[in-house]
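Residue numbers (the working numbering), protein chains in the order written: chain A, 1 to 116; chain B, 1001 to 1110. Worksheet: the structure to be examined is printed underneath.
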Amino acid sequence: EAGVAQSPRYKIIEKRQSVAFWCNPISGHATLYWYQQILGQGPKLLIQFQNNGVVDDSQLPKDRFSAERLKGVDSTLKIQPAKLEDSAVYLCASSRDRSGGTGELFFGEGSRLTVL
Amino acid sequence: SQKIEQNSEALNIQEGKTATLTCNYTNYSPAYLQWYRQDPGRGPVFLLLIRENEKEKRKERLKVTFDTTLKQSLFHITASQPADSATYLCALFSASKIIFGSGTRLSIRP
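Written as structure tokens, this is what we have:
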């Protein structure tokens, strides 16, 4: 089966600009996650979708970050305006099970953001 | 506060030896715990899952233990090889979320 697709792989922007990342999960996977991974740290959950509904967005900085999952499939994560501290890899993951369940996460290769 | 701690220092092991990585947690009651491998520039890849009622799980050269009293999981790679060099992440399933530790970088020298 095809894996989780993410784009772009790399993005460099100036602070205060905006950026959007796209994720296409594995077909049939109900749950989709966006994680932020800062260099040298573990992935930090930003938002979790169950189909097209939000399960958890408690750590999403909602003043600048937004995410949506249209029709319960693809998802986009937007940052506007970007800050220097947003420099990180943004990882998308999907899982078969509902709301985490007991299933493994399948990750994309990530989108590396550099904010100058 | 809630914390997940992994070996803070990188681990450097001689090829052929057993590598043991530690994951400790506080103020969580995870239903299960997962281990992932992450290579530079890549997304994490799932390795093993162990549930709260399981003491040990094995898969080929990998072994995971889970002690809910000590709030600790140990991850072992036996007969380690240079190809095992990577960062290893533990992740807890708690309150419908999967939360990751900071990872341990493992280097296997020939």
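Where is the CB? At the ideal position from N, CA and C, for every residue including glycine. Given the structure is predicted, the values throughout are model-derived calculations rather than measurements.
- At a beta-carbon threshold of 7 Å, the residues of chain B lying near residue 109/A are 1042, 1043, ordered along the chain.
- Residue 54/A is outside the set of residues whose beta carbon lies under 8 Å from a beta carbon in chain B.
- Taking a 10 Å sphere around the C-beta of residue 38/A, we find fewer than 16 other C-beta atoms and assign the residue as exposed.
- DSSP, reduced to helix, strand and coil, places residue 53/A within a strand of the structure shown.
- With 16 or more other Cβ atoms from the protein chains shown falling within 10 Å of its own Cβ, residue 19/A counts as buried.
- Counting only Cβ-Cβ distances below 8 Å, residue 43/A has contacts in chain B at 1044, 1089, 1100, in chain order.
- The three-state secondary structure of residue 85/A, taken from DSSP, is helix.
- If you draw a straight line from the Cα of residue 16/A to the Cα of residue 64/A, it comes to about 10 Å.
- The criterion of a C-beta distance shorter than 8 Å is satisfied by residue 1050/B and residue 1032/B.
- Residue 42/A and residue 1066/B do not touch by the CB rule: their CB atoms are close to 18 Å apart, not below 8 Å.
- Contacts with chain B at 8 Å (Cβ-Cβ) do not include residue 60/A.
- Of 23/A, 33/A, 115/A, the smallest CA-CA separation from residue 81/A is found for 115/A.
- Between residue 21/A and residue 111/A, the C-beta spacing is below 8 Å.
- In the structure shown, the three-state DSSP call for residue 1083/B is helix.
- Per DSSP, residue 1012/B is one residue of the beta strand (DSSP E) stretching across 1011-1014.
- For residue 7/A, same chain residues with a beta-carbon under 6 Å away, outside a window of 5 residues either side, are 22 in chain order.
- At a C-beta separation below 7 Å, residue 68/A has no neighbours in chain B, since its nearest C-beta there lies roughly 20 Å away.
- Rounded to the nearest angstrom, the Cβ distance from residue 1068/B to residue 1052/B is 6 Å, consistent with a contact under 8 Å.
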